[in-house]
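In short: position in the sequence shown from 1, add 142, done, that's our numbering.
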Amino acid sequence: MKVLVVGGGGREHALCWAIARSPRLTKLWCAPGNAGIADSAECVAISDGDIAGLVTFARDNAVDLVVVGPEAPLVAGLVDALDAAGIKSFGCSKAAAQLEGSKGFMKDMVAKFGVPTAAYGRFTTPADAKAFVEKQGAPIVVKTDGLAAGKGVTICQTVDDAIAAIDECMVGGKFGDAGAEIVIEEFMTGEEASFFAVCDGENVIPLVAAQDHKAVGEGDTGPNTGGMGAYSPAPVFTATVEERVMRDIIIPTVKGMAAEGHPFKGVLFAGLMIDENENPKLIEYNIRFGDPECQVLMSRLKSDILNILDGAASGTLDQVKPEWFDETAMVVVMAAKGYPGSYEKGTEIRNVAAADALDKVKILHAGTQMDGDRLTATGGRVLGITARGNNVREAQKRAYEAVDKIDWPEGFCRRDIGWRAIAREKN
Numbered sequence: 143m144k145v146l147v148v149g150g151g152g153r154e155h156a157l158c159w160a161i162a163r164s165p166r167l168t169k170l171w172c173a174p175g176n177a178g179i180a181d182s183a184e185c186v187a188i189s190d191g192d193i194a195g196l197v198t199f200a201r202d203n204a205v206d207l208v209v210v211g212p213e214a215p216l217v218a219g220l221v222d223a224l225d226a227a228g229i230k231s232f233g234c235s236k237a238a239a240q241l242e243g244s245k246g247f248m249k250d251m252v253a254k255f256g257v258p259t260a261a262y263g264r265f266t267t268p269a270d271a272k273a274f275v276e277k278q279g280a281p282i283v284v285k286t287d288g289l290a291a292g293k294g295v296t297i298c299q300t301v302d303d304a305i306a307a308i309d310e311c312m313v314g315g316k317f318g319d320a321g322a323e324i325v326i327e328e329f330m331t332g333e334e335a336s337f338f339a340v341c342d343g344e345n346v347i348p349l350v351a352a353q354d355h356k357a358v359g360e361g362d363t364g365p366n367t368g369g370m371g372a373y374s375p376a377p378v379f380t381a382t383v384e385e386r387v388m389r390d391i392i393i394p395t396v397k398g399m400a401a402e403g404h405p406f407k408g409v410l411f412a413g414l415m416i417d418e419n420e421n422p423k424l425i426e427y428n429i430r431f432g433d434p435e436c437q438v439l440m441s442r443l444k445s446d447i448l449n450i451l452d453g454a455a456s457g458t459l460d461q462v463k464p465e466w467f468d469e470t471a472m473v474v475v476m477a478a479k480g481y482p483g484s485y486e487k488g489t490e491i492r493n494v495a496a497a498d499a500l501d502k503v504k505i506l507h508a509g510t511q512m513d514g515d516r517l518t519a520t521g522g523r524v525l526g527i528t529a530r531g532n533n534v535r536e537a538q539k540r541a542y543e544a545v546d547k548i549d550w551p552e553g554f555c556r557r558d559i560g561w562r563a564i565a566r567e568k569n
């Protein structure tokens, strides 16, 4: 198969790294890619937002499968354009992508499908939103309706905090058009996990769960980021929880979307809250692999990833059964100092090859490019230091050994990724 991966972050590097291992692969491109992806795929200078350019490239190069990594091209209709050109793709339609593109749409749909989730309201005016908050009280959660790169969620401990968050979104315009409409939800307690299932519109197969660390600071403190690390499996996600998630959340959503005329194809990423009685509730859906969760999933995947991606695109998922390494995988994100606020670009990163050479370690690039023979940082989240071990503690030890080999004074990472799971192991 000739395959084109769309995107240029850590998720896409993980996908390219996994696809490159497939015996079915004859040629792999990535648009636009990054410095690390260039080791697995030929990078082509087409933006992931250039729908016409991507379709033209896929047609001119007789691409057999286009794998869409990020959410923005899916929400913009890339898969619909590929379908119209007769090009097979892994990813969902523009209509189905509303499950991530509009939190309000998602909440309305899952309420209709009977999926357990937080009570909520949708608002287009600040006054109505504030009245709702004052009636409900705090803690409460304020979310942008549209895409905000993983940063549009504010957990508010007081009514005043919620009023300020509403003003940031709807008056101050902090998130642009994404915050013109907001969703306000009840605050749920429990432990969060991310679960992934692959769908072909009708059939659905479970992948595995992971836990990520959204906050920038150790002990899960500070502002939310796109994710500072993750690990899989997630100890909170037991066999009982998986059975309940598939029965009560994933399968009703897949059946419901098909009944609505928007069959879901691709990967369904469920953000979940799990209570002490192992009852899961849906926080939100994403319509693509998580970043950084994809890094640990691809590290654990023993099966040929192309069989899964092609099965979803071709409607043959009922013939696919993924196999996984039993080991724990962990990714520690190295980010530019200042992230998620302002940060310096163009700083040099050294000694990545030595870290990459360690046993059961893979350095996955998220925001890098080559400047001559210098590897430089171009984004906020820059590297994903990914490692496997027999348990969380061993995977963590390997990951931080690799971190400590990398010479990048302008970068930082959290030093406590996996702390919840390690506390469980100690108990």
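C-beta: ideal position from N, C-alpha, C; glycine also.
Computed from a prediction, not measured in an experiment: that's the story for all the values here.
Of the residues the options, the one placed nearest residue i, counting alpha carbons only
i      : options                        : result
Glu486 : Trp550, Gly531, Ile447         : Trp550
Gly509 : Val205, Asp433, Asn419         : Asp433
Cys172 : Arg530, Arg166, Gly150         : Gly150
Leu157 : Arg492, Ile392, Val438         : Val438
Gly134 : Gly526, Phe329, Arg530         : Past the boundaries of the shown model lies residue 134; the chain is included only from 143 to 569, so the question cannot be answered.
His355 : Asp302, Glu333, Gln299         : Glu333
Val295 : Gln278, Thr470, Ala320         : Ala320
Gly211 : Phe232, Gly480, Gly318         : Phe232
Val474 : Leu410, Gly359, Ala162, Thr520 : Gly359
Val340 : Tyr542, Gln511, Ser484, Leu451 : Leu451
Gly560 : Val257, Val503, Gly361         : Gly361
Thr380 : Gly403, Ile392, Ile416, Asp390 : Ile416
Asp287 : Phe247, Glu567, Ala496         : Phe247
Asp181 : Ala565, Ile505, Asp546, Ala541 : Ile505
Phe329 : Phe199, Ala260, Gly178         : Ala260
Ala304 : Lys285, Gly315, Asn366         : Lys285
Lys245 : Tyr262, Phe338, Asp206, Lys502 : Tyr262
Gly152 : Gly369, Val208, Glu420         : Gly369
Ile161 : Ile564, Pro174, Val208, Val186 : Val208
Extent of the continuous alpha helix (DSSP H) run through residue i
i      : result
Trp159 : 152 to 161
Glu567 : 561 to 568
Met251 : 245 to 255
Glu465 : From DSSP, Glu465 is part of no alpha helix (DSSP H); its letter is neither H nor E.
Ile429 : It is not in any alpha helix (DSSP H) - Ile429 carries neither H nor E in the DSSP assignment.
Glu543 : 534 to 547
Lys144 : It is not in any alpha helix (DSSP H) - Lys144 instead sits in the beta strand (DSSP E) that spans 144 to 149.
Ser441 : 435 to 442
Ser456 : 447 to 456
Residue i: first and last residue of the uninterrupted beta strand (DSSP E) it sits in
i      : result
Glu276 : Not the beta strand (DSSP E): Glu276 falls in the alpha helix (DSSP H), residues 268 to 278.
Ser164 : Where Ser164 is concerned, there is no enclosing beta strand (DSSP E), given that its DSSP letter is neither H nor E.
Thr470 : 470 to 478
Leu517 : 516 to 519
Asp513 : 510 to 513
Gly531 : 523 to 531
Lys504 : 503 to 507
Gly371 : 371 to 374
Per DSSP, cross-strand counterpart(s) of residue i
i      : result
Ser231 : Val208
Pro422 : Ile416
Asn366 : Ala357
Cys341 : Val346, Gly408
Cys555 : Its beta-bridge partners do not exist; DSSP assigns none.
Pro174 : Gly149
Lys285 : Val295, Val325
Gly583 : Outside the displayed range of the chain (143 to 569) lies residue 583, so it cannot be described from this structure.
Residue i classed as buried or exposed, judged by whether at least 16 other C-beta atoms fall within 10 angstroms
i      : result
Arg117 : This structure cannot settle anything about residue 117, because the visible part of the chain is limited to 143 through 569.
Glu184 : exposed
Phe406 : buried
Thr528 : buried
Pro165 : exposed
Gln299 : exposed
Asp446 : buried
Glu276 : exposed
Lys539 : exposed
Ile523 : Residue 523 is actually Arg in this sequence, not Ile. Arg523 comes out buried.
Ala471 : buried
Ser484 : exposed
Arg389 : exposed
Phe467 : exposed
Gly343 : buried
Original post:
Does the segment 234 to 244 touch the segment 462 to 470, meaning 3 or more C-beta pairs lie closer than 8 Å?
Top reply: Because the criterion of three Cβ pairs below 8 Å is not met, the segment 462 to 470 and the segment 234 to 244 do not touch.
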